[in-house]
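Worksheet for the structure shown next.
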Amino acid sequence: MHENRTTYPKRKTEMYQQLVELPKKYKTISIIQMNKVRSTQILPLRKTLKGEVEFVCVKDKVARKALESSDIPGMKEISTELKGQIMFIFTNMSPFKLNVLLGKNKVMMGARSGDIASIDIVVPEKNTGIAPGPMLTEFKEAGIPTKIDQGTIWIAKETTPAKKGDAINEKLAAILGKLDIKPVEAGISLYSAVEGGLKYTEEEMIVDVEKTRDLFAQFHQEAVSLSIEAGYITADNVTQILTKAAQSARSVSIESGFMTDETKEQILQKADAQAKGLAGQAKDYTPA
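Following the working numbering, the numbering of the sequence shown begins with 4 at its first residue and continues without gaps.
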């Protein structure tokens with residue numbers, strides 16, 4: 004959208020108008036870079052998050068023009084980070100929750116050369132349906148045993164040509180594509196986001212859910228322990244405080260010799276032990 008132009012293609016005008024209006028409807032505006040994402044990753048997310056999240060794919064120049072004209076706090080700041088094909092995500096949830104949801108909704112993808120296997124790649128024994136030819140050599144080079152039967156290539160036995168964490172070469176990626184084996188787990192993470200005028204970077208939005216859950220459990224236990232020591236009663240600690248108070252009361256009763264139904268037996272046992280101790284000392288006593 005060149006600044007000297009007065010008319011623009013309809014599609015660009017619509018995208019521009021979307022980016023002007025949508026930030027007014029949602030609390031959080033996030034960005035993902037499409038050069039790091041395959042389009043097949045977006046389709047399942049659109050279905051899963053329908054009604055909660057709105058995805059808008061747009062060129063950087065159109066987006067920059069729209070954001071620079073926005074009076075919403077934070078919009079102009081992210082306009083300087085737009086490069087190439089990008090996708091905006093509009094939602095009312097926090098960017099941290101959105102990033103966690105995107106991380107949970109990972110999909111298995113077909114492999115490309117250089118991809119790292121997310122799982123052990125297992126090629127089952129089966130009829131590939133592929134006619135004999137150059138593919139026989141590619142199967143052999145990938146370490147996958149084959150045979151020809153009924154005019155097609157068969158996998159002779161179940162094979163694992165790559166383990167989890169291995170790099171997938173070009174030939175193996177081509178074979179896995181023909182066999183419809185998807186060994187690469189792919190997710191999406193936010194590149195930048197604005198919520199309530201505050202801008203967040205990619206690193207700031209990363210949430211370690213397990214670590215955070217463990218910290219909350221630790222802090223909760225520490226808070227309960229402190230409240231018990233202070234005698235501050237809550238729904239979480241009332242049983243423990245009453246139990247501690249009862250134990251303290253029994254100890255005081257026993258030490259002071261104040262008998263109750265619960266402590267009389269222990270008080271008598273203590274008194275008997277003390278009496279026997281004194282009797283033993285008296286028996287051994289020799290006047291000077």
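All C-beta atoms, glycine included, are put in the ideal place defined by N, C-alpha and C.
Backbone CA spacing between M4 and I89 [nearest angstrom]: Taking the first residue of the sequence shown as 1, we reach residue 4 at position 1. Taking the first residue of the sequence shown as 1, we reach residue 89 at position 86. In this prediction, M4 has a pLDDT of 48, which is less than 50 and means its spatial position is unreliable; nothing more can be read from the coordinates.
Cβ distance (whole Å) where I158 is taken to contact D118 below 8 Å: Walking along the sequence shown from the start, residue 158 turns up at place 155. Walking along the sequence shown from the start, residue 118 turns up at place 115. Their Cβ separation, rounded to whole angstroms, is 21 Å, which puts I158 and D118 out of contact at 8 Å.
Endpoints, alpha helix (DSSP H) assigned at S295: No information on residue 295 is available, as it lies outside the stretch 4 to 291 that the chain covers here.
Classification of Y203 by the beta-carbon crowding that lies within 10 angstroms, buried from 16 upward: Within the sequence shown, residue 203 is the residue found at index 200, counting from 1. Counting Cβ neighbours within 10 Å, Y203 comes out buried, since at least 16 surround it.
Entirely enclosed beta strand (DSSP E) segments - the segment 138-197, minimum 3 residues: Within the segment 138-197, the complete beta strand (DSSP E) segments of 3 residues or longer fall at 149-152, 155-158, 162-165, 187-189, listed in chain order.
C-beta contact flag for K166 and A114 at 9 Å: As a working note, residue 166 is residue 163 in the sequence shown. As a working note, residue 114 is residue 111 in the sequence shown. In this structure, the beta-carbon distance from K166 to A114 does not fall below 9 Å.
Alpha-carbon spacing of L193 relative to F219, whole angstroms: What you label residue 193 is simply residue 190 of the sequence shown in a count that begins at 1. What you label residue 219 is simply residue 216 of the sequence shown in a count that begins at 1. Computed Cα separation, rounded: 25 Å.
Reduced DSSP secondary structure (H/G/I, E/B, other) of T94: Walking along the sequence shown from the start, residue 94 turns up at place 91. When secondary structure is reduced to three states using DSSP, T94 falls in the strand class.
Beta-carbon contacts of K174 that lie in its chain and below 7 Å, excluding the five residues immediately before and after: On the sequence shown, position 171 is the one that residue 174 refers to. Excluding residues within five positions, the ones whose Cβ falls inside 7 Å are E141, E144, A145.
Buried versus exposed call for K87 [16 or more other C-beta atoms within 10 Å across all chains shown]: Taking the sequence shown and counting its residues from 1, the one referred to as residue 87 is at position 84. One point to set straight first is that residue 87 is Gly, not Lys, in the sequence displayed. That one is exposed.
Inter-residue spacing [alpha-carbon to alpha-carbon] between R14 and D63: For this step, residue 14 is matched to residue 11 along the sequence shown. For this step, residue 63 is matched to residue 60 along the sequence shown. Approximately 14 Å between the Cα atoms of the pair.
DSSP-derived helix/strand/coil call for E225: As a first step, residue 225 must be located in the sequence shown, where it is residue number 222. Of the three classes helix, strand and coil, the one that applies to E225 here is helix, per DSSP.
Cα-Cα separation, T263 to S251: By 1-based counting over the sequence shown, the position of residue 263 is 260. By 1-based counting over the sequence shown, the position of residue 251 is 248. If you take the alpha carbons of T263 and S251, they lie about 14 Å apart.
contact_flag[the segment 119-136, the segment 89-105] where n(CB pairs < 8 Å) is 3 or more: Short answer: they don't touch.
Anticipated Cβ contact below 8 Å, V61 with I191, distance rounded: Here residue 61 refers to the residue found at position 58 when the sequence shown is read from its first residue. Here residue 191 refers to the residue found at position 188 when the sequence shown is read from its first residue. Between I191 and V61 the Cβ distance is about 16 Å, and since that is not below 8 Å, they are no contact.
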